[in-house]
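So the structure is just underneath, and the comments pick up after that.
Number of protein chains: 2
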Amino acid sequence: MEGNATSDPRPHVVILGGGFGGLAAARELADANVRVTLIDRRNHHLFQPLLYQVATAGLSAPSIAAPLRQILQNDKHVTVLMDEALDVDLDRRIVMLAQGELPYDALIVATGATHAYFGHDEWERYAPGLKTLEDAFTIRRRVLLAFERAEREDDPEKRQAWLNFVVVGGGATGVELAGTLAEIARHTLPREFRRADPRMANILLVEAGPKLLPAFAPDLTEKARRQLEKLGVQVRLNTAVTAIDEHGVMLADTPYPARTVLWAAGVAASPLGRRLGAPVDRAGRVLVAPDLSLPGHPQVYVVGDLASVTQANGNAVPGVAPAAKQMGRHAALALKARLRDGSAIKPFAYRDDGSLATIGRMAAVAQFGRLKLSGLLAWWVWLIAHIAFLIGFRNRLVVMLDWAWAYWTYQRHARIVTGTDERTNTQTLPRDA
Amino acid sequence: MEGNATSDPRPHVVILGGGFGGLAAARELADANVRVTLIDRRNHHLFQPLLYQVATAGLSAPSIAAPLRQILQNDKHVTVLMDEALDVDLDRRIVMLAQGELPYDALIVATGATHAYFGHDEWERYAPGLKTLEDAFTIRRRVLLAFERAEREDDPEKRQAWLNFVVVGGGATGVELAGTLAEIARHTLPREFRRADPRMANILLVEAGPKLLPAFAPDLTEKARRQLEKLGVQVRLNTAVTAIDEHGVMLADTPYPARTVLWAAGVAASPLGRRLGAPVDRAGRVLVAPDLSLPGHPQVYVVGDLASVTQANGNAVPGVAPAAKQMGRHAALALKARLRDGSAIKPFAYRDDGSLATIGRMAAVAQFGRLKLSGLLAWWVWLIAHIAFLIGFRNRLVVMLDWAWAYWTYQRHARIVTGTDERTNTQTLPRDA
Numbered sequence: 001m002e003g004n005a006t007s008d009p010r011p012h013v014v015i016l017g018g019g020f021g022g023l024a025a026a027r028e029l030a031d032a033n034v035r036v037t038l039i040d041r042r043n044h045h046l047f048q049p050l051l052y053q054v055a056t057a058g059l060s061a062p063s064i065a066a067p068l069r070q071i072l073q074n075d076k077h078v079t080v081l082m083d084e085a086l087d088v089d090l091d092r093r094i095v096m097l098a099q100g101e102l103p104y105d106a107l108i109v110a111t112g113a114t115h116a117y118f119g120h121d122e123w124e125r126y127a128p129g130l131k132t133l134e135d136a137f138t139i140r141r142r143v144l145l146a147f148e149r150a151e152r153e154d155d156p157e158k159r160q161a162w163l164n165f166v167v168v169g170g171g172a173t174g175v176e177l178a179g180t181l182a183e184i185a186r187h188t189l190p191r192e193f194r195r196a197d198p199r200m201a202n203i204l205l206v207e208a209g210p211k212l213l214p215a216f217a218p219d220l221t222e223k224a225r226r227q228l229e230k231l232g233v234q235v236r237l238n239t240a241v242t243a244i245d246e247h248g249v250m251l252a253d254t255p256y257p258a259r260t261v262l263w264a265a266g267v268a269a270s271p272l273g274r275r276l277g278a279p280v281d282r283a284g285r286v287l288v289a290p291d292l293s294l295p296g297h298p299q300v301y302v303v304g305d306l307a308s309v310t311q312a313n314g315n316a317v318p319g320v321a322p323a324a325k326q327m328g329r330h331a332a333l334a335l336k337a338r339l340r341d342g343s344a345i346k347p348f349a350y351r352d353d354g355s356l357a358t359i360g361r362m363a364a365v366a367q368f369g370r371l372k373l374s375g376l377l378a379w380w381v382w383l384i385a386h387i388a389f390l391i392g393f394r395n396r397l398v399v400m401l402d403w404a405w406a407y408w409t410y411q412r413h414a415r416i417v418t419g420t421d422e423r424t425n426t427q428t429l430p431r432d433a
Numbered sequence: 001m002e003g004n005a006t007s008d009p010r011p012h013v014v015i016l017g018g019g020f021g022g023l024a025a026a027r028e029l030a031d032a033n034v035r036v037t038l039i040d041r042r043n044h045h046l047f048q049p050l051l052y053q054v055a056t057a058g059l060s061a062p063s064i065a066a067p068l069r070q071i072l073q074n075d076k077h078v079t080v081l082m083d084e085a086l087d088v089d090l091d092r093r094i095v096m097l098a099q100g101e102l103p104y105d106a107l108i109v110a111t112g113a114t115h116a117y118f119g120h121d122e123w124e125r126y127a128p129g130l131k132t133l134e135d136a137f138t139i140r141r142r143v144l145l146a147f148e149r150a151e152r153e154d155d156p157e158k159r160q161a162w163l164n165f166v167v168v169g170g171g172a173t174g175v176e177l178a179g180t181l182a183e184i185a186r187h188t189l190p191r192e193f194r195r196a197d198p199r200m201a202n203i204l205l206v207e208a209g210p211k212l213l214p215a216f217a218p219d220l221t222e223k224a225r226r227q228l229e230k231l232g233v234q235v236r237l238n239t240a241v242t243a244i245d246e247h248g249v250m251l252a253d254t255p256y257p258a259r260t261v262l263w264a265a266g267v268a269a270s271p272l273g274r275r276l277g278a279p280v281d282r283a284g285r286v287l288v289a290p291d292l293s294l295p296g297h298p299q300v301y302v303v304g305d306l307a308s309v310t311q312a313n314g315n316a317v318p319g320v321a322p323a324a325k326q327m328g329r330h331a332a333l334a335l336k337a338r339l340r341d342g343s344a345i346k347p348f349a350y351r352d353d354g355s356l357a358t359i360g361r362m363a364a365v366a367q368f369g370r371l372k373l374s375g376l377l378a379w380w381v382w383l384i385a386h387i388a389f390l391i392g393f394r395n396r397l398v399v400m401l402d403w404a405w406a407y408w409t410y411q412r413h414a415r416i417v418t419g420t421d422e423r424t425n426t427q428t429l430p431r432d433a
């Protein structure tokens, strides 16, 4: 399986995962005397911070995803292979892939996290989460078809159930989804329907804890809540969802009818974390050594959402893109020092460049150390930061164009339904229509 | 199901299908005293002439598809419903939908055509056709994954089978697909692979008849063949494909190994055509009256790819977008005259505005009456015409940007794989990757 690369005398570094962490590590190894194999089960890197825009029909998938091979085409030290890592044999230094085995001299595990349902996996079919492009397509399809079904429905109660949307979880993803749904219902769709009125839609954001966006200062989370309510979102704090089915949710003991429920509440680390033999935290994240290596295995590093790292101030390093990038780069630097002269580098320290969360049209919150912003100014900072970090000049241009368009017209250009709806009669949506 | 519209005294016109024919009819009825219900099983109108660009990763799906409701939002006489027409009861004047019954006073059937396998439906899973966005995603996935599989494969013979591509059918779609595949293999991908060389790809275009693009003059079809071969496509004329399976195709009696086969050979009319009781041609198209009405049913019209119409010169009206638009408009005009004073209008006459077919980068053929163009000039005409006809200003802008980008960089921006590959081990491509 190694092909003609086996004759290469350079140490072989295997990177599992082509997200922010894996890519940063691959890039940082460019000046090292190593050959790198990057494994991902997808052919593309995904700009996850904008995934909610695909789910809400504002951006097309190719605008936020780029082929890993294309990103790394000039990094001649890197071979990209599309495959899935199932397990790691730490003693033999071999990764077990779905299509074979791959020996390594050093390993960087960056397989990330996915959404989790706190032991209620049966909720997944009623309340899809948002981690992949397929997830985004599922959410887009459900949201758009809910309005179509409302237009077909004559019974007022059943129609309202199609116009009720529940978003579970008040973190960044939940806030973004709820704010955008409100914009769609209030501004994008009303003129297009003749029977059901999209403005009758209820967007309910349910959070079990006492505040939205817990990573932000209390006054900013309060501002976020007020901005959301101004956009038309109903926010329910301190409210646990105790059941979900096709008819709606249970809010504590009260049933709430809603045909569309979106899940933005829980995160679980990639199952590969538990295969590495080291202690993991409650979410399955690996408790790594200060240099991000796997305890007892200095040639193995764990970075990104899969790693559990505590900062000097006692807080956990958050599961965000900048943290994953910093960790990927740090692991590569540590590995280079080790290969060069066996030396160790200083422990990983997370540099907090600030927190940003968008809420909706001209509404956001931002926090940079002591500087706090909200509303229009925060929204502009968010917009510029996200366009600047998008990989690829073309993507930046297209996303800017799409957003300018959406801003001026209230239109969302990716409002197409493909695939089949799992909830309703699939006969109405055949594959070969 | 009719909702509060039943109290509306205006005649109710039902249009089945939101393609070029159905949309043109709906628009033309704007100044008539009727109410219109447009039914489509999709939520979007598809700009089918550019579908091959989505299949070959050059355009994103939202660039060539727009929600029917959005297109018709200012046409207040039109209600759009997402549903599938299963049958028509001509005596009771009712359309049977998957979700109920819909009575009509006049009916315009514009449900189009799909690809057909000449009695070999078992070939479909090995050789997908191209009519819907899902078809385009399937082709895109198969083409991109074939190169990924080649990169994973050490056995030279097996690797070559992943690098062999067969396109069946030498009409416009086949020519476009083959020309673009050659560009991808020769220009887009080579720098990104480390083991398999995409330039080793063979693109075989197989046509059972004696020439490509049969709608064009003989010297232009010959020029098209030469341009294709210059781009790197191997053209086989007078060659019948007698079998297709996962390993490749049979060309007459010779097996040709190819893991990727694309179908661009046959067209069959929507099955609804045969439910209308009128004679149909071999492809299932309805033989309509000169005014496009269904013989014996003056309040029912059939337009677009579903209608079989013979021109004054004895040729059939071709199954192209301009013909469908002209027919949709003609049926609406005929219906308006009939509703106004019971009069008939003159028979439908197809106005041939010329034929255009693109072959690849700076290569195309065009024919306008006696004027024949090929090469770069024809390509520019094709480019401008297709951008001009694209629905929506934003789509035009984005498509122009995408093409300018692709032209200068040889990159194709929509090179992302989503969904699961039916041919290979789906374990390597799980839904929640």
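Chains as they are written, first to last, in full-length UniProt numbering: chain U, 1 to 433; chain R, 1 to 433. Backbone N, C-alpha and C define an ideal beta-carbon position, used for all residues, glycine too. Remember, it's a predicted structure, so these values are computed and weren't measured experimentally.
When C-alpha distances from residue 225/U are compared across 205/U, 240/U, 242/U, the shortest belongs to 205/U. What residue 398/R touches in chain U, judged by beta-carbon distance under 7 Å, is 398, 401, going in chain order.
With a cutoff of 9 Å on beta-carbon distance, residue 10/R and residue 329/R are scored as not near each other. Three or more beta-carbon pairs drawn from the region 28-38 of chain U and the region 328-345 of chain U are found closer than 8 Å, and the two stretches are therefore classed as touching. When 327/R, 148/R, 185/R are compared, the shortest CA-CA separation from residue 109/R is found for 327/R. CA-CA distance, residue 318/R to residue 95/R, rounds to 28 Å. If the five residues before and after residue 303/R are omitted, its C-beta is found closer than 7 Å to the C-beta atoms of 21, 25, 108, 110, 292, 324, 327, 328, 331, all from its own chain and listed in chain order. Contact annotation for residue 43/U against chain R: 144, 148, 416, 417 [CB-CB distance below 7 Å, chain order]. With distances taken between CA atoms, residue 377/U lies nearest to 364/U out of 47/U, 256/U, 370/U, 364/U.
Across the structure, residue 270/R and residue 276/R are spaced so that their CA atoms are roughly 11 Å apart. If one requires a minimum length of 3 residues, the beta strand (DSSP E) runs lying completely within the region 64-123 of chain U are 65-67, 78-82, 85-89, 94-97, 100-103, 106-109, 113-116, in chain order. Between residue 322/U and residue 340/U, the CB-CB gap reaches or exceeds 9 Å.
Distance from the Cα of residue 290/R is smallest, within the candidate group 312/R, 192/R, 305/R, for 312/R. Contiguous alpha helix (DSSP H) elements confined to the region 198-236 of chain U occur at 218-231, taking only those with 4 or more residues. Assignment of residue 395/U by DSSP, reduced to helix, strand and coil, places it in the helix class. Using a Cβ-Cβ cut-off of 9 Å, residue 413/U counts as an interface residue toward chain R, since at least one Cβ of chain R sits closer than that to its own. When the beta-carbon positions are compared, residue 399/U and residue 50/U come within less than 9 Å of each other. Around the beta carbon of residue 170/R, a 10 Å sphere encloses 16 or more other beta carbons of the protein chains shown; the residue is thus reported as buried. Nearest to residue 93/R by C-alpha distance, out of 259/R, 14/R, 343/R, is 14/R. Taking 9 Å as the cut-off between beta carbons, the residues of the region 37-63 of chain R near chain U are 40, 41, 42, 43, 44, 46, 57, 59, 60, 61, 62, 63, in sequence order. For the region 226-258 of chain U, there are no residues whose beta carbon sits under 8 Å from a beta carbon of chain R. CA-to-CA, the gap between residue 178/R and residue 379/R works out to about 16 Å. Of 128/R, 246/R, 148/R, 73/R, the smallest CA-CA separation from residue 39/U is found for 148/R. Contiguous beta strand (DSSP E) elements confined to the region 120-200 of chain R occur at 164-168, taking only those with 3 or more residues.
Put simply, the region 234-244 of chain U touches the region 191-210 of chain U. At least three CB pairs are less than 8 Å apart. Near chain R, meaning a CB-to-CB distance below 7 Å, the residues of the region 150-169 of chain U are 151, 152, 154. Beta-carbon to beta-carbon, residue 262/U and residue 133/U are separated by about 16 Å, too far to satisfy the 8 Å threshold.
Excluding its 5 nearest sequence neighbours in each direction, residue 142/R has C-beta neighbours in its own chain below 6 Å: 260, listed in chain order. Between residue 371/R and residue 122/R, the alpha-carbon positions lie close to 42 Å from each other.
Residue 202/R is positioned such that its CB atom lies no closer than 9 Å to that of residue 252/R. Residues of the region 64-93 of chain U with a Cβ closer than 7 Å to any Cβ of chain R, in chain order: 65, 67, 69, 70, 73, 79, 81, 82, 83, 84.
Shown here, residue 255/U sits in a strand according to DSSP, grouped into three states. Nearest CB-CB separation between residue 395/U and chain R: below the 9 Å threshold. Within the region 191-214 of chain U, those residues whose Cβ lies closer than 8 Å to any Cβ of chain R are, in chain order, 191, 192, 193, 194, 195.
Secondary structure at residue 20/U: helix, using DSSP grouped into helix, strand and coil.
For the C-beta of residue 299/U, not a single chain R residue is nearer than 8 Å; the gap to the nearest is close to 23 Å.
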